[in-house]
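Presented below is the structure to which this report refers.
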Amino acid sequence: MLTAVAMFSLMDTAMKVLSATYPAMQVTALRSLSSLPLVCAYIAYRGKFGGIFKIRWSLQLLRGVLGIGMLTSFAYALKFLPLADTYAIFFIAPALITALSVFILKEKVDGRQWGAIVVGLIGVLVVLRPEGASFISVAGLAVLGSAACYAVSAIASRILSRTDANEHIMFWLLVMMAIGSLAMIGDQWVAIRPQDWIVIVALAITGFLGQLAITVAFSRGKASTVAPFEYSALAWGVAIDWLLWQTLPDAYTLIGAAIIIASGIYLVRREAVHAESEHP
Numbered sequence: 001m002l003t004a005v006a007m008f009s010l011m012d013t014a015m016k017v018l019s020a021t022y023p024a025m026q027v028t029a030l031r032s033l034s035s036l037p038l039v040c041a042y043i044a045y046r047g048k049f050g051g052i053f054k055i056r057w058s059l060q061l062l063r064g065v066l067g068i069g070m071l072t073s074f075a076y077a078l079k080f081l082p083l084a085d086t087y088a089i090f091f092i093a094p095a096l097i098t099a100l101s102v103f104i105l106k107e108k109v110d111g112r113q114w115g116a117i118v119v120g121l122i123g124v125l126v127v128l129r130p131e132g133a134s135f136i137s138v139a140g141l142a143v144l145g146s147a148a149c150y151a152v153s154a155i156a157s158r159i160l161s162r163t164d165a166n167e168h169i170m171f172w173l174l175v176m177m178a179i180g181s182l183a184m185i186g187d188q189w190v191a192i193r194p195q196d197w198i199v200i201v202a203l204a205i206t207g208f209l210g211q212l213a214i215t216v217a218f219s220r221g222k223a224s225t226v227a228p229f230e231y232s233a234l235a236w237g238v239a240i241d242w243l244l245w246q247t248l249p250d251a252y253t254l255i256g257a258a259i260i261i262a263s264g265i266y267l268v269r270r271e272a273v274h275a276e277s278e279h280p
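Numbered per the UniProt record's numbering, the sequence shown spans residues 1 to 280.
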């Protein structure tokens with residue numbers, strides 16, 4: 001999981017660099033298209049192309065739409081926010097997944113878990129700056145929208161994993177995001193500058209390696225043990241912001257991030273306790 005977080009942080013850095021020049025929708029298309037050849041090679045190596053069309057199309061299409069919304073909103077936010085601020089807000093995703101699991105998966109969530117979700121939302125408000133005109137910026141709302149798309153997509157992925165292979169889920173998400181983003185960007189496509197190809201290659205490799213690493217992490221370790229390491233992204237965000245853009249998070253970001261991370265870790269641990277009590 002630490003490797004996955006490192007790779008995704010570098011991938012997000014590449015997206016932030018690209019978002020300064022290209023539309024957010026084009027960054028989504030570049031992210032999908034650049035990683036697709038690597039994913040195809042991996043699926044061929046695993047011998048998993050068989051039955052690739054035998055999938056739950058409705059849920060796969062839903063994840064494609066959500067993926068476009070998630071990446072495009074995230075790329076838009078990266079254009080205006082430091083990585084650390086973006087990550088701090090996005091950390092609300094585990095709380096959203098827990099809340100949505102009640103309504104979609106009919107899972108049981110107790111009062112303490114709902115309390116942790118509310119605490120996490122308070123942490124988001126702190127990060128979004130509880131003062132003056134800067135309170136709740138468009139970029140901040142874009143990150144929240146991205147986190148919401150991610151949460152719904154994660155729920156859909158849980159359902160899909162009962163019938164569809166992980167390799168097929170990964171493949172069709174990229175294919176649908178590539179097709180959808182290319183169709184929506186239309187004539188707004190900006191010609192790629194020669195100096196940006198190295199960034200696109202880095203985007204492809206880090207995104208692919210991050211996906212592999214996170215798949216291995218959750219397949220070999222308990223979610224309650226592995227998931228908290230996702231929050232190491234904040235350290236990467238702070239370091240990259242300082243090295244590349246000479247910015248550091250302010251007190252609001254750090255305090256809000258601490259609140260969100262604490263609520264997220266509590267939710268993960270609490271869910272593990274529930275799982276063990278139901279399946280001793």
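Just so it is clear, CB atoms sit at the ideal spot from N, CA and C, and this is done for glycine as well.
By alpha-carbon positions, which one of Leu-182, Val-65, Pro-94 and Gly-120 ends up nearest to Phe-229?
Ranking the options by Cα distance to Phe-229, first place goes to Pro-94.
Taking the alpha carbon of Asn-166 as the point to measure from, which residue in Ile-55, Arg-31 and Leu-254 has its own alpha carbon closest?
Here the closest residue by C-alpha is Ile-55.
Leaving out the 5 sequence neighbours to the left and right, which residues in its chain are closer than 8 Å to Ala-213 when beta-carbon positions are compared?
If we look at Ala-213 and ignore the five residues flanking it on each side, its Cβ neighbours are Met-1, Thr-3, Ala-4 and Met-7.
Identify, in the order they occur along the chain, each residue of the same chain with its Cβ nearer than 7 Å to the Cβ of Met-170, setting aside the five sequence neighbours on each side.
For Met-170, where only same-chain residues beyond five positions count, the Cβ hits under 7 Å are Val-39 and Gln-211.
Would you tell me roughly how many angstroms separate the C-alpha atoms of residue 301 and Phe-91, rounded to the nearest one?
Limits of the chain in this structure are 1 at one end and 280 at the other, which puts residue 301 out of reach.
Pair every Cβ in the stretch 19 to 28 with every Cβ in the stretch 175 to 189, then say whether three or more of these pairs are closer than 8 Å.
Yes, the stretch 19 to 28 is in contact with the stretch 175 to 189.
By alpha-carbon positions, which one of Ala-227, Ser-146, Phe-208 and Leu-243 ends up nearest to Leu-174?
Among Ala-227, Ser-146, Phe-208 and Leu-243, the Cα nearest to that of Leu-174 is on Phe-208.
If distances are taken between C-alpha atoms only, which option among Thr-225, Val-65 and Lys-79 comes closest to Val-273?
Ranking Thr-225, Val-65 and Lys-79 by Cα distance to Val-273 puts Thr-225 first.
Helix, strand or coil for Asp-241, going by three-state DSSP, please let me know.
Three-state DSSP puts Asp-241 in a helix.
Anyone know if the C-beta pair for residue 285 and Val-124 falls short of 9 Å?
Only positions 1 to 280 of the chain appear in the structure, and residue 285 is not among them; the question remains open.
Run the CB neighbour count on Asp-250, radius 10 Å, all protein chains shown included, and call it buried at 16 or more, exposed below.
With fewer than 16 other Cβ atoms within 10 Å, it is exposed.
Please go through the same chain and pick out, in chain order, the residues whose beta-carbon is closer than 7 Å to the beta-carbon of Ala-75, but skip the five residues on each side of it.
Result list for Ala-75: Met-15, Ser-19, Ala-24, Val-27 and Thr-28, in chain order.
Only counting runs of 4 or more residues, tell me where the alpha helix (DSSP H) segments fall wholly within the UniProt domain "EamA" (141 to 267), in order along the chain.
With a minimum length of 4 residues, the continuous alpha helix (DSSP H) runs that stay inside the UniProt domain "EamA" (141 to 267) are 166 to 185, 197 to 220, 223 to 226 and 233 to 245.
Which first and last residues belong to the alpha helix (DSSP H) in which Tyr-22 is found?
From DSSP, Tyr-22 is part of no alpha helix (DSSP H); its letter is neither H nor E.
Expressed to the nearest angstrom, what Euclidean distance is found between the alpha-carbon atoms of residue 288 and Lys-106?
Past the boundaries of the shown model lies residue 288; the chain is included only from 1 to 280, so the question cannot be answered.
Measure from the alpha carbon of Thr-253 to the alpha carbon of each residue in Leu-81, Gly-264, Ser-101 and Met-11, then state which is nearest.
Of Leu-81, Gly-264, Ser-101 and Met-11, the residue nearest in Cα terms is Leu-81.
Less than 9 Å between the C-beta atoms of Ile-117 and Ala-154, yes or no?
No, Cβ-Cβ distance for Ile-117 and Ala-154 is not below 9 Å.
Suppose you measure from the CA of Val-109 to the CA of Arg-193; what does that come to, to the nearest Å?
For Val-109 and Arg-193, the distance between alpha carbons rounds to 50 Å.
Can you check whether the CB of Leu-128 is closer than 9 Å to the CB of Val-238?
Not in contact: Val-238 and Leu-128 (Cβ atoms no closer than 9 Å).
What did DSSP end up calling Glu-271 once you bin it into helix, strand or coil?
Correct three-state label for Glu-271: helix.
Based on Cα-Cα distance, which residue from Ala-41, His-168 and Arg-63 lies nearest to Ser-146?
Checked all of Ala-41, His-168 and Arg-63; the closest Cα to Ser-146 is Arg-63.
Pick out whichever of Ile-255, Ile-122, Met-70 and Ser-181 has its Cα sitting closest to the Cα of Ala-139.
Answer by Cα proximity: Met-70.
For the alpha helix (DSSP H) holding Ser-137, just list the boundary residues, first then last.
Where Ser-137 is concerned, there is no enclosing alpha helix (DSSP H), given that its DSSP letter is neither H nor E.
Among the residues of its own chain, which have a CB less than 6 Å from the CB of Ile-255, if the five just before and after it don't count?
Result list for Ile-255: Val-126, in chain order.
Just tell me which of Ser-73, Thr-21, Arg-46 and Gly-120 has its CA closest to the CA of Cys-149.
Nearest of Ser-73, Thr-21, Arg-46 and Gly-120 to Cys-149, Cα basis: Ser-73.
Measure the Cβ-Cβ separation of Ala-178 and Leu-33 and say whether it is below 9 Å.
Contact: yes.
For Ser-35 versus Leu-203, is the C-beta distance shorter than 9 Å?
Yes; because the gap between Cβ atoms is below 9 Å, this pair is in contact.
Rounding to the nearest angstrom, what Cα-Cα distance links Ile-122 and Ala-41 in this structure?
Approximately 44 Å, taken between the alpha carbons.
Report the three-state DSSP secondary structure of Leu-128 (helix, strand or coil).
The answer is coil: DSSP assigns Leu-128 none of H, G, I, E or B.
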